[in-house]
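2 is the number of the first residue of the sequence shown in our numbering; add one for each residue after it.
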Amino acid sequence: MIDSPPVAPGPQVRVRTARPDEAAALAELAAATFPLACPPHTSAEAIADFIRTVLAPANFESYLADPDRLLLVADDGTGTLTGYTMLVFGEPHDADAAGAIRIRPTVELSKCYVRAEAHGTGTAAALMTATLAAARGRGAAGSWLGVNEENDRALRFYGKHGYERVGTKHFLVGARYEDDYVLERAL
């Protein structure tokens, strides 16, 4: 289990490994946070479809049971999940990402989301610190992620945490492919 000390200033934040019985809570958190990362032109129908097909409780049950994935959660000390990350160990399945990244062995930071009301509280930074430590602990030398090219807030956040643009890839939401930057950093 990953644990981190509270982050100051702001509310207490504890980062820990997600438990197998938290699939429904993770799906609720994903449904609340995924729309925050979508470009303004993404339709409500496309977002709802993605949440229903990719971020459903059954999917999180599978993610939690997969030995090549690690999910970390932030909670506020009251039991409320305020953010989560998901690492996917191994070679990228996306050909564009695989061609862009330079550091191996690698791990994908597949998900990194924090509730809107927790933005600016240190929650995301605490999650990122614990997530990168967990990736190093499992032997990854580098970490990569895809982020929508229009998501300026996320691009600034990842830049503060050492990620640099190394390529581009596409990400399907609904019937539309979005353009994502591939970012990478050494661990």
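All C-beta atoms in this analysis are idealised placements derived from N, C-alpha and C, irrespective of residue type, glycine included.
Decide if residue i is buried, meaning its Cβ has at least 16 other Cβ atoms within 10 Å, or exposed.
i, result
"A75", "buried"
"R70", "buried"
"G123", "buried"
"K170", "buried"
"R157", "exposed"
"P21", "exposed"
"D67", "exposed"
"D181", "buried"
"G84", "buried"
"D77", "buried"
"T79", "exposed"
"A28", "buried"
Are the CB atoms of residue j and residue i within a distance shorter than 7 Å?
i, j, result
"L188", "R139", "no"
"T81", "T132", "no"
"V148", "A141", "no"
"P36", "I48", "yes"
"V167", "E185", "yes"
"V16", "L146", "no"
"L88", "A19", "no"
On a CA-only basis, which of the options is nearest residue i? Give me that one, please.
i, options, result
"A33", "T43, V16, I52", "I52"
"A45", "V174, E179, D181", "V174"
"S144", "D180, V115, A99, Y114", "A99"
"T107", "A119, Y164, G91", "G91"
Quick check on the DSSP output: the alpha helix (DSSP H) that includes residue i runs from which residue to which?
i, result
"S63", "58 to 66"
"G138", "124 to 138"
"D69", "Looking at the DSSP string, D69 is not in any alpha helix (DSSP H), and its letter there is neither H nor E."
"Y159", "153 to 161"
Using the Cα positions of residue i and residue j, report the straight-line distance between them to the nearest angstrom.
i, j, result
"V183", "V55", "20 Å"
"A24", "P93", "24 Å"
"V115", "H162", "16 Å"
"E150", "S111", "16 Å"
"A57", "I102", "29 Å"
"V8", "R105", "Note that V8 has pLDDT 39, beneath the 50 cutoff, so the model's placement of it is unreliable and the number below is only indicative. Rounded to the nearest angstrom, the two C-alpha atoms are 31 Å apart."
"H42", "D50", "15 Å"
"E165", "L30", "27 Å"
Got a sec, what are the start and stop residues for the beta strand (DSSP E) residue i sits in?
i, result
"T34", "Here T34 belongs to no beta strand (DSSP E); instead the alpha helix (DSSP H) covers 24 to 38."
"V148", "143 to 149"
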